[in-house]
Each structure stands twice: as structure tokens, then as C-alpha cells.
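S.K.: There's a structure below that I have some questions on.
Below, the structure written as C-alpha cells:
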């Protein structure tokens, strides 16, 4: 019984490539969540500044 | 506990069974990639997956922190906005998705090493089929992908009468560590420690006529190893009964050391823990790399030193260290024990995270950080070069990502890996805080002992477990 190490290596490389593609999508999802959150945070900060100005 | 005699009688059962159900002697022929290269490739691939997955949240947190700092938002506003937005929950979902992808990827990689039989009479075996029943014998594979590539199999059999026995099979492979010599070594030490009460008994070691394969039957002892525990067992052994686990594993290792034997390959698979009434019992297993200090064989001591040095930075920091010094070897073994337990208790991702320290400790931490960073950076660079070489061999059209220049790749690896490795190596300074963070309660004596065992200054480390028992 023989095992084709080269074939196995290539298959592992293919799996890794697919993993990387999936993780890219996950990272994009993460970054979108963070961007949306930062937008809201920015709005809140602007609101704080407007309120401070009104009080002056 | 089984006697050697009753184990010998099970040998007949194994002889009967193995013709039908034991794996045939496999011969691995290297086509263009050697087994060692394939093994390295698999280790590298799995490590890459683990690292990438572990970095998902920390990378995001970094961006979050720097952006919110630049906005000069008050902590109260930040916290309330996080809560309203449900930020933590959303990010946890992302982490869970990343974990799922990583788990599937690792399973797919494991499945690749399946060896299909071209003999229609033999059993094909896949990692997904760990348990099989053949001719009334239940057969469960306890090995893993790394073991198989190294030519090793660990199989547990349960006879139709319910009798359990464990069998290690090894295949001799060219240009690899001598597996059969390792199995003989294991047999030698298990026989030497047969009366210790903390090691399983064995029966005869059989070397197959072609001298390319061997098997050793070992008593099935109760207990679960640290790396095979489910969540419930981890909670019990590593949290609720952490103090008892520390003492039980230390006592077991001490019994081995009292015979002037070093286990050497101390890892999360070495200790089988079992709960007996309210106490914890420990069996120690895997003696393939063990050394007998009584024999005073320089090559044995040297090989033990090299093994420890791969995992213990303290042994490489001091260039004048005496590699044959028994005290050094014993300190290294106690260090490995402490590190193995601490890493399982604290967890893979929390081990490498920074934690708040007292000003005095932070000063010590910063001083040690300066001392060890050059050595760690050197290790990271060497590893990065190998990874870059392997990634650059993937054809561009098969890659879903752009490979940066070698210099940029190495620099990114240093920026990502160095803080993590520093935290791991300086665990001796942060152990108390990290154990507390996990809600684990252990005695001051145990904590102090483990802290000293993890010290990067060799002179301050214990050589045995006496202080823990005192």
C-alpha cells in the first residue's frame, strides 16, 4: 500500500486556500460590524459636542 | 488492576483478533515529498489555521480601540454604545463562525491522511470512523493525524466479553525517529515502574518478522488525559479540583523521578486523571522518550536536553549551560509539568493575552521582555521564513490572497507573534493574575511552586516536588 504524499500536500493546499477565502469573508463581516459601530459612536460624539455647544 | 499474567492471557486474544482486525503493516513510500515534509506541512497548516482563527477578535479589538481613542469618546459613552449596539454578541458570533470554519478545515485536513486500502479484503479506515466493531471486537482509534503521519497508531479494543486493552502500533519509517526503539524504550520503563501504581502494566512487545512494525499491549487504565477532556471534565479537573489535580499529577511525576527516571515528553497527553470518591488519581503514560539517569548515558541526557530546550526558553538563553547537568534536566521537567497544567487551566487564547499587573510586577515583566525579545524574534523569523517558502510554492492562480514581499511577511509575523510569545514565555510572572481571572482557586503554596517552576531564571527553579508536599 502506498500513499501519494505529493497528492496529499496539494489537497491540503487546496483546503487551506478555501479556508483563507472563507476567513476573508468572516473578517469582512467583522470589519463591517466594527465600522457600523464606529459610525454610531461618531454620531454620539457629534451629538455630545452639539449639546456642549448649546450649553455655552 | 490487571496482573501481568492476565495481560499475557489477553495477548492470545490479541493474536487471534489482530489477524482479522488489526491494521496490516503499512509501507509508506515517498513519491516526491518525504513523510517528514508532509508532517511538517500538516503541522504548519494546522498551526496557521489556529493562529488565524485566534486572531479574529484581537485584530478587531485593536482597530476598535485605536478608532475610539482617536475620537476621544468617554468610557461611559463607549460602554453604553457597545451595549445598545450589542457589539460583544455580534463579535462573538463572528468568532464562533471562524471557529466553525477552522474546525471543519482541520477535519478536512485530517481526512486527507486517510489511507485507502486497495485490498478488497481489508478494512478501510478513516479518521471519521474512529470506532468500529469487527468480529465482535470494538476498535477505537485514539491516535490523530500527527500520529498517523509519524507511523503510529493507538487502538483500544474491547472484546465481546467487555475486556479492554490498549495497543500501540508503530511502523518504522526511513529518515524518521526510530519508532520501534521508542516502543522498546516504553516497554522498558513501564516494566521498571510496574510497581509504582501510577503507570499501566504491559505485556509482550512484538516486533513483526519484517522488522518494520511492532506492537505493544498496554493495560487499559481509568482516566482521561488533559487533551481529551470534554467541557464538563475540564471544569471539574482543571477548575473545581485544580488544587487536587496539581498535587496528584505532581505526586505521580515525583514517583517516576524517585526511580531516577525522567519522562521527558511531558505534555497534555501524559497524565490520565480519574476521580475516585472525592480524590483524583493520576496515571502517567507515553514513555517512548524517557531516560534512565542511573545509566549515565551522555547521548540520552543530550537528547532529553534538546527536547526540553525546544519548549523551554530558559535552556537557550544561557549559552554556558551544562547540557549534561542532571539538576538542569530535572528543573526542565518540572517546568514542563507546570506549563502543561497552567496552559490547560488558563486556555490557549488567554495564555497569550496581556493582563494588568501591579507596578512592581510590571517592572519585572518589562525587564524580562527586553531580555527575551531578541531570542523570540529570532525564532519567529526562522519560522516565518519557512512559512513564506511553503506559501510561495502555492501557484498564484490557486491562491485567494496576495502574498506580500518576504520582508513584509516576516515583519507582519513579528508584529503579530512577538507580543503573544512574550506573554507565553513570561507566564511565570502573570500566572497568579491569569489563574485568578479564570476563577480558579488554588493554595498559595501551589501557586508559588508553579510560579517558581515557570521562572526563566534556572537558578530559582525547583528540582523536585518536595516543597509542594511539605
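Chains as they are written, first to last, in this note's numbering: chain A, 1 to 56; chain B, 57 to 526. Where is the CB? At the ideal position from N, CA and C, for every residue including glycine. Source: prediction; values computed, not measured.
Helix, strand or coil for residue 511 of chain B, going by three-state DSSP, please let me know.
M.R.: Correct three-state label for residue 511 of chain B: coil.
S.K.: Buried or exposed: where does residue 109 of chain B fall if 16 or more other Cβ atoms within 10 Å of its Cβ makes it buried?
M.R.: Its Cβ being crowded by 16 or more others within 10 Å, residue 109 of chain B is buried.
S.K.: Would residue 5 of chain A pass as an interface residue toward chain B - the criterion being a Cβ-Cβ separation below 7 Å?
M.R.: Yes, because at least one Cβ of chain B sits closer than 7 Å to the Cβ of residue 5 of chain A.
S.K.: Mind checking residue 525 of chain B: buried by the 16 CB within 10 Å criterion, or exposed?
M.R.: When all chains shown are included, residue 525 of chain B counts as exposed.
S.K.: In its own chain, which residues sit with a C-beta less than 7 Å from the C-beta of residue 417 of chain B, not counting the 5 before and 5 after it?
M.R.: Same-chain partners within the cutoff: 485.
S.K.: Could you tell me the alpha carbon to alpha carbon distance between residue 490 of chain B and residue 407 of chain B, rounded to whole angstroms?
M.R.: C-alpha separation (whole angstroms): 8 Å.
S.K.: Anything in chain A within Cβ reach of residue 141 of chain B, meaning under 9 Å, just list it in chain order.
M.R.: Per Cβ cutoff of 9 Å: 33, 36, 37, 40 and 41.
S.K.: Between the Cα of residue 358 of chain B and those of B/152, B/301, B/320 and B/118, spot the shortest distance and give me the residue it belongs to.
M.R.: Looking at the Cα atoms, B/320 is the closest of the given residues.
S.K.: With DSSP as the reference, label residue 56 of chain A as helix, strand or coil.
M.R.: Residue 56 of chain A: coil per DSSP, three-state reduction.
S.K.: Does DSSP put residue 234 of chain B in a helix, a strand or coil?
M.R.: Coil, per DSSP.
S.K.: What are the start and end residues of each continuous beta strand (DSSP E) run of 3 or more residues lying completely inside the segment 334-364 of chain B, in chain order?
M.R.: Correct list: 335-340.
S.K.: For a test of the three-state rule: what should DSSP assign to residue 486 of chain B, helix, strand or coil?
M.R.: Of the three classes helix, strand and coil, the one that applies to residue 486 of chain B here is helix, per DSSP.
S.K.: Bridge partners for residue 223 of chain B per DSSP, in chain order?
M.R.: Paired residue(s): B/211 and B/273.
S.K.: Within 10 angstroms of the Cβ of residue 356 of chain B, are there 16 or more other Cβ atoms? Answer buried if so, exposed if not.
M.R.: Buried, by the Cβ-count rule.
S.K.: If distances are taken between C-alpha atoms only, which option among A/47, A/37, A/19 and A/13 comes closest to residue 146 of chain B?
M.R.: Out of A/47, A/37, A/19 and A/13, A/37 has the C-alpha closest to the C-alpha of residue 146 of chain B.
S.K.: Could you tell me if residue 24 of chain A is buried or exposed, where buried requires 16 or more neighbouring beta carbons within 10 angstroms of its beta carbon?
M.R.: That one is exposed.
S.K.: Would you mind working out which of B/479, B/522 and B/492 sits nearest residue 511 of chain B, comparing C-alpha positions?
M.R.: That would be B/479, whose Cα lies nearest to the Cα of residue 511 of chain B.
S.K.: Any chance you could list the beta strand (DSSP E) runs of at least 3 consecutive residues sitting entirely within the segment 427-475 of chain B, in chain order?
M.R.: Correct list: empty.
S.K.: For my contact list, residue 470 of chain B and residue 436 of chain B are in at a C-beta cut-off of 8 Å; report their separation, rounded to the angstrom.
M.R.: Contact flag correct, Cβ pair sits at about 5 Å.
S.K.: For residue 384 of chain B, is the classification buried or exposed, using 16 other Cβ atoms within 10 angstroms of its Cβ as the cut-off for buried?
M.R.: Buried, because 16 or more other Cβ atoms sit within 10 Å of the Cβ of residue 384 of chain B.
S.K.: So, helix, strand or coil for residue 258 of chain B, using DSSP?
M.R.: Residue 258 of chain B: strand per DSSP, three-state reduction.
S.K.: Does the segment 122-137 of chain B touch the segment 44-53 of chain A, meaning 3 or more C-beta pairs lie closer than 8 Å?
M.R.: With a cut-off of 8 Å, the segment 122-137 of chain B and the segment 44-53 of chain A count as touching, because enough Cβ pairs lie within range.
S.K.: Check whether the Cβ atoms of residue 15 of chain B and residue 302 of chain B lie closer than 7 Å to each other.
M.R.: Since the displayed chain B opens at 57 and closes at 526, residue 15 of chain B lies outside it and no answer follows.
S.K.: Output the distance between the C-alpha atoms of residue 194 of chain B and residue 309 of chain B, rounded to the nearest integer angstrom.
M.R.: If you take the alpha carbons of residue 194 of chain B and residue 309 of chain B, they lie about 32 Å apart.
S.K.: Would you kindly report the start and end of the unbroken alpha helix (DSSP H) that includes residue 141 of chain B?
M.R.: Residues 131-141.
S.K.: Which whole-angstrom value is the C-beta distance of residue 241 of chain B and residue 343 of chain B, which I expect to be below 8 Å?
M.R.: Confirmed, Cβ separation roughly 7 Å.
S.K.: Mapping DSSP to helix, strand and coil, what is residue 8 of chain A?
M.R.: In this structure, residue 8 of chain A counts as helix in the three-state DSSP scheme.
S.K.: Just to confirm my understanding: we take residue 499 of chain B, look at its own chain, exclude 5 residues before and 5 after, and list those with CB closer than 8 Å. What are they?
M.R.: 299.
S.K.: Within 7 Å of any Cβ in chain B, is that where the Cβ of residue 11 of chain A sits?
M.R.: Output row for residue 11 of chain A: interface = yes.
S.K.: What is the DSSP secondary structure of residue 293 of chain B, reduced to helix, strand or coil?
M.R.: In the structure shown, residue 293 of chain B sits in a helix (DSSP, three-state: H, G or I).
S.K.: For residue 328 of chain B, which residues does DSSP report across the bridge?
M.R.: Paired residues: B/281 and B/339.
S.K.: Given this structure, state the Cα-to-Cα distance separating residue 21 of chain A from residue 373 of chain B, to the nearest angstrom.
M.R.: Their backbone Cα atoms lie some 40 Å apart in a straight line.
S.K.: On the three-state DSSP scale, how would you describe residue 263 of chain B?
M.R.: Residue state, collapsed to three classes: strand.
S.K.: Pull up the distance between the alpha-carbon of residue 368 of chain B and that of residue 388 of chain B, whole angstroms please.
M.R.: Between residue 368 of chain B and residue 388 of chain B, the C-alpha separation is close to 7 Å.
S.K.: By Cβ distance below 8 Å, which residues in the same chain neighbour residue 428 of chain B in space, the five residues on each side in sequence not counted?
M.R.: Once the five neighbours on either side are set aside, the close Cβ partners of residue 428 of chain B are 369, 373, 478, 481, 482 and 512.
S.K.: Can you look up residue 248 of chain B in the DSSP assignment and give me helix, strand or coil?
M.R.: Helix, per DSSP.
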